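Here you go:
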């Protein structure tokens, strides 16, 4: 039995919509905006323009402000985040043009709020290869939380 904190769960940013409040996560995202007043970094995933659903991570960086560097909040920068999910809020996005509405595909956007513990720049990165690697890890390594493990035979 360990007295330390639980490890973070590696996931892709769009998968944050499947997490629940209190989950500790690690993910990669592209900076789309930063509010110095609110201390919130907005991150998105690069494939979302083609996806029917969009997930946005609103990352509260107040706990990481002492170590946060200017390049980590620059629009277009890819950053890694470790933190806790504080809320998952699905809501319908604003309707687009009449032509877009005629396709009858409602675009749903989900905002996931994260309280960041640690943020660092990804450096040069092949995002497609990264996504494939994370997906491969998910498919081969099914990790369960200690509380959900079976306790048979005790």
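In our numbering, the protein residues as written are 856 to 1009.
Virtual Cβ for every residue (Gly too), placed ideally from N, Cα, C.
It should be emphasised that the depicted structure is a prediction, and the values quoted were computed from it without experimental measurement.
By the criterion of a C-beta distance shorter than 6 Å, residue 881 is surrounded in its chain by 863, 865, 937, once the five residues flanking it on both sides are discounted. With a threshold of 16 other beta carbon atoms within 10 Å, residue 921 falls short and is exposed.
Residue pairing for residue 889: DSSP places it in a beta bridge opposite 896. Residue state for residue 982 is assigned as helix, using DSSP reduced to three classes. Look at residue 917 here: in three-state DSSP terms it is helix. Note on residue 892: under 16 other CB atoms within 10 angstroms of its CB, so exposed under the neighbour-count rule. In the three-state reduction of the DSSP assignment, residue 862 falls in the coil class. Selection 935, 995, 897, 859 evaluated against residue 967 yields 897 as nearest (Cα-Cα). In this structure residue 868 is buried. Its beta-carbon is surrounded by 16 or more other beta-carbon atoms within 10 angstroms. Rounded to the nearest angstrom, the gap between the Cα atoms of residue 876 and residue 912 is 13 Å. Beyond the five residues adjoining it in sequence on each side, residue 860 comes within less than 8 Å, by CB distance, of 879 in the same chain, given in chain order. Assigned with DSSP and collapsed to three states, residue 925 falls in helix. The beta carbon of residue 923 sits closer than 8 Å to those of 916, 974, all from its chain and outside the five residues before and after it, given in chain order. Rounded to the nearest angstrom, the gap between the Cα atoms of residue 943 and residue 874 is 8 Å.
When secondary structure is reduced to three states using DSSP, residue 909 falls in the strand class. When beta bridges are read from the DSSP output, residue 883 appears opposite 935.
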